[in-house]
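Right, one structure below, let's go through it.
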Amino acid sequence: MFLAFLPLLGSMAAPAWSLSVSEKAALQAAMQVHIDEQTVDGVYLYLDRKDGEIRFVHPVKAHSMILTMGRYYVLCADFRDDKGKDVNIDFYMARKGRSYVIVHVAVADRAFLDGLMSAGKVRQAD
Amino acid sequence: MRGLLARFLLILMPVFLGLAIPSIGYLIDLQIRMDREVLATRIGNQAGRAAMALARHDSHGNQLLAQDLLAPLAVDRAFVCAEFRAGDGTLLAAVPPAQGCLDGGTVEEIVLVVRRPADSTLRIRFSDAELREFQQLKMSLGLSVVAFAFLSAVLAAFVGFRFIVGRPLHLLQTAIRHSTTTGERLPIGIHGKDEIGAITRAFDEMIRREDERETTLRYTNAMLQASEVLLTRNNERLEQRVHERTVELVHEKLRAEAANEAKSRFVWITSHELRTPLNAIIGFAEMMEHRMFGPLGHRRYDGYARDIRMSGRHLLAIIDSVLDIAKIESGNETLHEEVVDVGELMGDCLSVIQPLCDSSGVTLDSLQIGTPVRLTIDRTRIKQMLINLLGNGVKFTPKGGRIELAAALCPDGGIEFVVSDTGIGMREEDIPTALSTFGQFDNSLSRRQNGTGLGLHLARLTVEMHGGNLSIVSAPGRGCRVTVRLQKDRVVPAADQTA
Chain W
441 MFLAFLPLLG SMAAPAWSLS VSEKAALQAA MQVHIDEQTV DGVYLYLDRK
491 DGEIRFVHPV KAHSMILTMG RYYVLCADFR DDKGKDVNID FYMARKGRSY
541 VIVHVAVADR AFLDGLMSAG KVRQAD
Chain P
56 MRGLLARFLL ILMPVFLGLA IPSIGYLIDL QIRMDREVLA TRIGNQAGRA
106 AMALARHDSH GNQLLAQDLL APLAVDRAFV CAEFRAGDGT LLAAVPPAQG
156 CLDGGTVEEI VLVVRRPADS TLRIRFSDAE LREFQQLKMS LGLSVVAFAF
206 LSAVLAAFVG FRFIVGRPLH LLQTAIRHST TTGERLPIGI HGKDEIGAIT
256 RAFDEMIRRE DERETTLRYT NAMLQASEVL LTRNNERLEQ RVHERTVELV
306 HEKLRAEAAN EAKSRFVWIT SHELRTPLNA IIGFAEMMEH RMFGPLGHRR
356 YDGYARDIRM SGRHLLAIID SVLDIAKIES GNETLHEEVV DVGELMGDCL
406 SVIQPLCDSS GVTLDSLQIG TPVRLTIDRT RIKQMLINLL GNGVKFTPKG
456 GRIELAAALC PDGGIEFVVS DTGIGMREED IPTALSTFGQ FDNSLSRRQN
506 GTGLGLHLAR LTVEMHGGNL SIVSAPGRGC RVTVRLQKDR VVPAADQTA
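Chains W and P, in that order, are what the protein sequence lines are.
Using this note's numbering, read the first sequence as starting at 441 and increasing by one per residue.
Using this note's numbering, read the second sequence as starting at 56 and increasing by one per residue.
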């Protein structure tokens with residue numbers, strides 16, 4: 441009798457709003473397209489606001505977790521510089537037609553994202 | 056025991072299932088969501104890289120190159136199909152080749168815009184069948200884990216209950232049954248540190264105390280039996296001695312009574328035999344004293360005749376007293392009871408003793424009862440007793456002294472006659488002697504007062520014959536107070552006083 445409620449109990453644990461696998465794959469693909477577009481000679485370039493210099497990092501791993509911020513989404517990827525230092529880059533994305541586009545890139549600013557999560561503005565998508 | 060285990064399982068199992076199944080379900084759901092995210096990430100990355108490869112190599116004019124760039128997508132097991140179309144819808148490349156994505160089937164789909172050629176799109180379809188397979192597999196695995204855990208929990212509960220609770224309880228039950236059926240107490244001997252162990256320990260302690268108590272009781276019982284035997288023997292000896300002593304006492308009593316009777320008879324006979332010649336002596340002495348047949352010839356014979364008469368009368372008084380005592384002590388004397396008015400009785404006594412008081416210079420007083428009271432007594436003996444007591448008072452009270460005869464009713468209904476004087480008195484330790492036969496403690500005084508020493512003893516016997524008692528309170532130089540107390544039954548009831 442309890443076994444019949446197993447899927448129901450699983451679904452009850454999930455948030456009311458969720459993303460389908462296709463939407464998640466589309467978001468991951470859009471992030472991948474953006475990273476490829478920004479990659480020059482195999483490295484990802486970005487502006488270091490502290491030093492006012494263009495820096496580059498190597499892509500390492502895309503996070504499978506997708507965060508939502510209202511109608512927008514946040515995806516994360518790990519990068520590493522030549523010194524072997526890990527650099528986290530958060531991609532803030534929005535839907536555009538049948539695809540998605542990057543609206544903001546936060547390089548090595550995980551504290552900002554943590555603040556949004558603590559404030560309840562950002563949560564994990566189901 | 057089984058009922059206890061069943062109840063225990065009835066409580067344990069719903070709790071276990073209620074906690075285990077939702078937990079397993081939550082973990083499986085969490086794992087499925089992670090798998091979905093991993094699948095989406097994997098497909099998304101491949102699709103993104105494919106789209107960028109197509110754009111980077113401008114594969115519009117080179118369909119074979121486009122076909123080659125799409126071909127790696129087919130390696131992924133979730134991949135179903137892919138189409139790369141130009142902005143006008145022309146199919147530039149497809150996987151499977153020349154076939155692309157056919158309609159039908161439940162699949163997931165993503166569409167990516169490729170920059171070159173302009174407005175071209177890459178459509179990729181993939182299946183989440185692997186997720187469903189994993190889901191079913193994990194579901195089955197989860198159910199198996201729950202079932203296994205459930206059975207393990209039941210088995211563990213059964214075994215644990217049997218060893219932790221069941222075995223000590225069984226031993227306890229066996230010990231109690233053995234004790235109730237055979238009366239022999241068996242300790243359990245297994246003492247854990249838990250609550251059951253405390254119970255078995257308490258049971259063993261209770262058995263130990265019961266054994267000690269029983270041992271003590273047996274010892275006490277044995278001691279009591281031994282004491283009983285000893286007591287029985289002692290009783291037998293005592294009874295034997297009492298019997299022997301009783302026999303001896305009976306013999307002694309018989310001998311004493313015989314001796315006393317012989318003595319009384321001897322005294323009575325002797326006294327009676329003495330009275331006859333003594334009366335003759337007194338009579339002849341009086342005749343000589345009164346010169347009935349002429350002068351005696353010499354004046355000194357007059358004195359001798361008076362001495363003979365006085366000594367004879369004294370001796371006669373002694374003999375009379377001795378006779379009375381002998382009669383009373385031999386039990387041959389009986390009371391001649393009659394109803395006597397107390398006032399009249401006291402008046403008679405006072406009139407007899409008044410001349411003696413006058414000649415001795417002693418004041419005589421009396422204190423009567425306010426109302427008429429009558430007694431059932433031997434008038435002669437009681438009157439003689441009171442006169443004797445008053446006479447004693449006169450004898451031992453110096454000139455100018457005072458004697459008193461008083462009567463009073465007691466609270467218990469009896470009556471008291473009190474003869475008191477202001478005479479020489481006596482010491483407290485001499486009072487018992489004074490109450491005995493020939494008990495005048497001071498013989499010189501007795502001789503001086505011409506007393507026999509038998510008066511108080513005879514008074515006591517007279518009172519005791521009436522069921523009363525006589526007591527004396529006295530001190531040297533402070534007079535004497537003799538109280539004669541008669542019981543209530545000697546007093547005629549008030550209703551009969553006027554009759």
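All residues carry an ideal CB built from backbone N, CA and C; glycine is no exception.
A quick note: this is a predicted structure, and the numbers were derived from the prediction, not measured.
Query	Result
Selected residue, minimal CA-CA separation from V500/W, among Q472/W, M533/W, D554/W, R538/W	Q472/W
Span separating the alpha-carbon of L430/P from that of R545/P	6 Å
One or two residues paired with F496/W in a DSSP bridge	L485/W
Integer-rounded CB distance, given that A462/P should sit under 8 Å from Q423/P	6 Å
Cutoff 7 Å; reference T479/W; Cβ partners in own chain excluding five residues on either side	none
Continuous beta strand (DSSP E) stretch holding Y549/P: start and end	A small fix is needed here, since residue 549/P is Ala in this sequence, not Tyr. A549/P -> no beta strand (DSSP E), and no H or E assigned at all.
C-alpha gap between V168/P and R97/P, whole angstroms	19 Å
Residue-level contact to chain P via CB, I506/W, 8 Å cutoff	yes
Per DSSP, the bridge partner or partners of Y512/W	M509/W
Residues of the segment 90 to 120 of chain P with Cβ closer than 7 Å to any Cβ of chain W, in chain order	R91, E92, V93, L94, A95, T96, I98, G99, N100, A102, G103, R104, A106, M107
Contact set between the segment 520 to 547 of chain W and chain P, restricted to residues whose Cβ is under 7 Å from the partner	R538, S539
Runs of beta strand (DSSP E) wholly within the segment 397 to 455 of chain P (minimum 3 residues, chain order)	418 to 422, 429 to 433
Beta carbon proximity, V500/W to chain P, threshold 8 Å	no
Span of the alpha helix (DSSP H), counted from its first residue to its last, around S385/P	354 to 385
8 Å Cβ shell around D259/P - same chain, five flanking residues per side excluded	P242, I243, G244, H246
Range of the contiguous alpha helix (DSSP H) that encloses F189/P	184 to 215
Close Cβ partners of L286/P (< 6 Å) along its chain, the five nearest in sequence each way excluded	none
Test: D566/W CB closer than 8 Å to a CB of chain P	yes
Distance, L309/P Cα to R292/P Cα	25 Å
Integer Cβ distance of E384/P from S319/P, believed to fall under 8 Å	6 Å
Contacts of D476/W in chain P (Cβ-Cβ under 9 Å)	G103, R104, A106, M107, A108, A110, R111
S462/W at chain P interface by Cβ criterion, 8 Å	yes
Beta-carbon separation (whole angstroms), V209/P vs A75/P, contact threshold 8 Å	Contact flag wrong, Cβ pair sits at about 12 Å.
Proximal residues, the segment 483 to 500 of chain W versus chain P, C-beta separation under 7 Å	none
Environment of I557/P [buried if 16+ CB atoms lie within 10 Å]	The structure shown does not extend to residue 557/P, since chain P is modelled only from 56 through 554, so no value can be given for it.
Classification of K464/W by the beta-carbon crowding that lies within 10 angstroms, buried from 16 upward	buried
Cβ of E164/P within 8 Å of any chain W Cβ	yes
Whether L485/W touches L515/W by CB criterion (8 Å)	no
L124/P and A108/P closer than 8 Å at C-beta	yes
Nearest residue (CA-CA) to H327/P, options D375/P, G448/P, F339/P, K454/P	D375/P
CA-to-CA distance, E307/P to Q439/P, given in whole angstroms	35 Å
Span of the alpha helix (DSSP H), counted from its first residue to its last, around I262/P	250 to 344
Member of T538/P, I458/P, Q542/P, A514/P whose CA lies at the smallest distance from the CA of D467/P	Q542/P
Short-range partners of chain P found in the segment 549 to 564 of chain W, where Cβ spacing is below 8 Å	none
Whole-Å CB distance - S504/W paired with V93/P, under 8 Å assumed	5 Å
Anticipated Cβ contact below 8 Å, T508/W with R563/W, distance rounded	6 Å
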